[in-house]
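Notes follow once the structure below has been shown.
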Amino acid sequence: MSLAPILRVLVEQRPLTGEQLRSAIRTMVAGEANQAEMGALLALLATRAPTAEEIVAAATVLRENVERLPTTIDPDQIVDTCGTGGAPKTFNVSTISALVAASLGVKVAKHGNRSRTGRGSAEFLEKLGVNLEAPIEKQARAFDEVGICFCFAQRHHPTMRNVAPVRQALGFPTLFNLVAPLTNPAGAKRQVLGVYDARYLEPVAAALQQLGASKALVVHSDDGLDEISISAGTEMMVVTPDAITRTRIVPEELGLSRAAREQVQVEGLDDAVRLARAILDGSEHGAPRDAVLMGAAAALFVADRVPTLSEGVTQARAALEDGRAQAKLDAWIASSQR
């Protein structure tokens, strides 16, 4: 199928219908579109914020093609902390935050991939000792046993290989960055989803609601992060089946000190892992730990384990101080290796 009719709609600056975009994405992931047309479509879509209808349409197609995680855990109890990427990098805050939340009983299916920076969530967890090559069945068993797993995107979304070369060649975030976090292989209905631009807050929140999220936070910080920032205020959309509410949080409201963003950035993968281990073993008490506390609080909030982010920070701090988070990582590593 040629994508030319759909490209014409975009060139004329008209929104696509859900059916038009579903048709285009199906053609792309099936490997039936040429790279020039795929690149043009993704580039044209990137010139504006997509509508919620467009995001839902693309997510629906990717959900049709996902290799699901055969878990016994109810999707309504599962949390994901996958962000869009495309923002300035920190030290894998969302991954460590997910671990801390899991140590407090939240069921976490962390969705993620490798990164062009060489320190995405996949590389990071692999360096910590989690086995990313375990078959999906063993991955599901580990999730059922330990309550946390990593859903490696390149394994669960095999059809995305047909669009990967185009995405890499473009070199900037595309619609797929926004859609990928909406396609969790375990069917997670609770999410903390960071977006790389504030203009995506509202359409992504609306898409989550239309896709049946039980509870979600969509976040973007004033300093450009796709996560809650220790360095600035963060805009948040609180999503439930009945409402979408815009709110705002600053570190001081959670009893935390604001810090320069450079304090949560690292030089490379080894530095990121070193910092994560220091947070888990209790030797790091500064801004990096505080960033993790906020991320974990958000995961606890969307899981309905705490009524406020402030209470989430308190519980997350306790899990780090008494060793529960480190014990959860050790159990996860052991289970993934069996």
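Counting with the working numbering, you get residues 43 to 380 for the letters of the sequence shown. Each residue gets a CB set at the ideal place from its N, CA and C atoms; glycine is no exception.
N-terminal and C-terminal residue of the beta strand (DSSP E) that residue i is part of
| i | result |
| --- | --- |
| V121 | I120 to D122 |
| A190 | First, the amino acid is wrong: residue 190 is Ile here, not Ala. It spans I190 to F194 - the beta strand (DSSP E) in which I190 sits, taken as one unbroken run. |
Neighbour-count burial assignment, residue i, 16 or more Cβ in a 10 Å radius
| i | result |
| --- | --- |
| F218 | buried |
| V382 | For the chain, the structure presents residues 43 to 380; residue 382 sits outside this window and is missing. |
| S325 | exposed |
| P215 | buried |
| E74 | exposed |
| N76 | exposed |
| A302 | exposed |
| E295 | exposed |
| G125 | buried |
| G213 | exposed |
| D364 | exposed |
| P177 | exposed |
| P223 | buried |
| H199 | buried |
| Q251 | buried |
Unbroken alpha helix (DSSP H) run spanning residue i, endpoints
| i | result |
| --- | --- |
| K149 | Premise fails: K149 lies in the beta strand (DSSP E), K149 to G154, not in any alpha helix (DSSP H). |
| S263 | Counting along the chain, S263 falls outside any alpha helix (DSSP H), though it belongs to the beta strand (DSSP E) covering K257 to S263. |
| F218 | L217 to V221 |
| Q368 | R366 to Q379 |
| T225 | From DSSP, T225 is part of no alpha helix (DSSP H); its letter is neither H nor E. |
| R50 | A46 to V53 |
| T201 | Neither: T201 is in no alpha helix (DSSP H) and is coded neither H nor E. |
| L212 | A206 to L212 |
| A164 | S163 to L170 |
Residues near residue i in its chain [Cβ-Cβ closer than 8 Å; skip 5 each side]
| i | result |
| --- | --- |
| R381 | Any answer about residue 381 is impossible in this case: the structure gives the chain only from 43 up to 380. |
| D186 | T113, T114 and I115 |
| R300 | I272, S273, A274, V292, P293 and E294 |
Cα-Cα separation, residue i to residue j
| i | j | result |
| --- | --- | --- |
| P117 | D239 | 28 Å |
| R90 | N226 | 25 Å |
| R309 | V205 | In the sequence on display, residue 309 carries Glu and not Arg. One C-alpha to the other measures close to 30 Å. |
| A258 | V234 | 6 Å |
| G266 | N173 | 32 Å |
| R68 | V237 | 24 Å |
| C191 | K152 | 6 Å |
| L371 | E277 | 30 Å |
| E106 | R64 | 11 Å |
| A78 | A46 | 11 Å |
| L335 | L298 | 9 Å |
| E244 | T350 | 22 Å |
| V315 | L104 | 31 Å |
| D312 | A318 | 10 Å |
| A341 | G229 | 16 Å |
| T59 | V108 | 23 Å |
| L167 | F194 | 11 Å |
| D268 | V344 | 17 Å |
| L87 | V51 | 11 Å |
| N210 | E175 | For clarity, residue 210 is Gln in the given sequence; the question names Asn instead. Going from the Cα of Q210 to the Cα of E175 covers about 23 Å. |
Close-in-space but distant-in-sequence residues of the same chain around residue i (CB under 7 Å, 5 per side omitted)
| i | result |
| --- | --- |
| A182 | L111, P112 and T113 |
| V246 | I97, L220, L235, V237 and V260 |
| A82 | L49 |
Own chain partners of residue i with C-beta closer than 6 Å, once the 5 adjacent residues on each side are dropped
| i | result |
| --- | --- |
| K231 | P117, D118, A255 and S256 |
| E304 | none |
| T287 | V280 |
| A338 | S139, V142, A143 and A358 |
| V261 | G236, I270, T276 and M278 |
| I120 | K149, A151, A228 and A230 |
heavy atom of the ligand NAD below 7 Å from residue i C-beta
| i | result |
| --- | --- |
| S325 | Of ligands this structure carries none, so the ligand NAD is not represented either. |
Continuous alpha helix (DSSP H) assignments of at least 4 residues falling wholly in the region 229-315
Entirely contained in the region 229-315, the alpha helix (DSSP H) runs reaching 4 residues are, in chain order, 243-252.
With a floor of 4 residues, list each alpha helix (DSSP H) that falls wholly inside the region 60-144, ordered by position along the chain.
If we require 4 residues or more, the alpha helix (DSSP H) runs fully inside the region 60-144 come out as 60-71, 77-87 and 94-107.
Which ranges does the alpha helix (DSSP H) cover as unbroken runs of at least 4 residues, wholly within the region 308-359, from first to last along the chain?
Runs found: 311-323 and 329-344.
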